Every structure is written in C-alpha cells, then in structure tokens.
Amino acid sequence: MVATMMTPSQLHQRLTSPRPPLVVDVRTPAEYDTGHIEASLNVPLYELEQREIPAHEELVVYCQRGSRSAIAAGILAARGIACSDLAGGIAAWQAAGYPIV
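Here our numbering is used: the first residue of the sequence shown is 20, the next is one more, and so on.
Shown next as structure tokens:
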C-alpha cells in the first residue's frame, strides 16, 4: 500500500467538504504549537507506532516539508491504513496562502 500525494489546494478543498478527512500532524508538539492546520491531530512521528489511528476514515498526514510524513505514511501502510501525504508539508500549505492556527 502506497500513500498518495495530496496538494495543498486539494486538501483545502477536502477540508471544506461535508466529510473532511482526518488530518494528522506528525511533527513534534513544540512544532505543532507554533502553528498547525486547523482541526489537525498531533501524533508525533516517534509516537505513531504506539498510537491508535482510525483506519476507516480518509486520512492525510503532514509534517514541515514532507520527509517525516513520508515515513509516517509508510508506517501506516504497513498497518494496512491508507492515507494521503500533504505534498511539501505545512510549508507548502502556508506558501499557498492557507491559514494555520
């Protein structure tokens, strides 16, 4: 199972849909506290294997630029959980002009 890439504009569109995806920020809590995508869940990469992630929901993972989220997507795939990876991470999200909280 391989994660699909999702662009910031695709994610923004999905977040405004009636059934938005579960968005998981795999950065550290300190990074998350500096700003994150609204309603995202912080599950640091180093905790991902120990945490329960709903397998039935549409899932999107992101980090700062995409390296850690690619690793996270691989971990989730090994658990049989399909997900999308935000291309370019939160840096690309912000560069596209989308808000963080």
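Ideal Cβ positions, reconstructed from N, Cα and C, are used throughout, including at glycine. All of these numbers come straight from a predicted model, not from anything done at the bench.
Along the chain, where does the beta strand (DSSP E) containing residue i start, and where does it finish?
{"i": "Y81", "result": "78 to 81"}
{"i": "S103", "result": "103 to 105"}
{"i": "V45", "result": "Run containing V45: none; DSSP gives neither H nor E here."}
Could you compute how far the alpha carbon of residue i sits from the alpha carbon of residue j?
{"i": "R84", "j": "Q29", "result": "17 Å"}
{"i": "I119", "j": "M25", "result": "17 Å"}
{"i": "Y117", "j": "E71", "result": "28 Å"}
Pick from the options: whose alpha carbon is nearest that of residue i?
{"i": "A22", "options": "A96, G108, A115", "result": "A96"}
{"i": "V43", "options": "G99, A114, E77", "result": "E77"}
{"i": "Y81", "options": "S36, A110, R38, Y117", "result": "A110"}
First and last residue of the alpha helix (DSSP H) that includes residue i?
{"i": "L10", "result": "As shown, the chain starts at 20 and ends at 120. That puts residue 10 outside it, with no answer to give."}
{"i": "L95", "result": "86 to 97"}
{"i": "G108", "result": "108 to 114"}
{"i": "E71", "result": "That residue, E71, is in no alpha helix (DSSP H); it is neither H nor E in DSSP."}
Can you find the residues in the same chain that come closer than 6 Å, C-beta to C-beta, to residue i, ignoring five residues on each side of it along the sequence?
{"i": "G107", "result": "G85"}
{"i": "E57", "result": "V120"}
{"i": "G12", "result": "The question about residue 12 has no answer here: the residues shown for the chain are numbered 20 through 120."}
{"i": "W112", "result": "P27"}
Please return the same chain residues whose Cβ sits closer than 8 Å to the Cβ of residue i, not counting the five positions on each side in sequence.
{"i": "G93", "result": "A22"}
{"i": "P73", "result": "L41"}
{"i": "V79", "result": "M25, L30, R33, P40, L41, V42, V43, C102, S103, D104, L105"}
If I measure Cβ to Cβ from residue i and keep anything under 7 Å in the same chain, skipping five residues before and after, which residues do I get?
{"i": "L124", "result": "Given a span of 20 to 120 for the chain in the structure shown, any question on residue 124 remains unanswerable."}
{"i": "P48", "result": "N61, P63"}
{"i": "A115", "result": "P27, S28"}
{"i": "E68", "result": "I94"}
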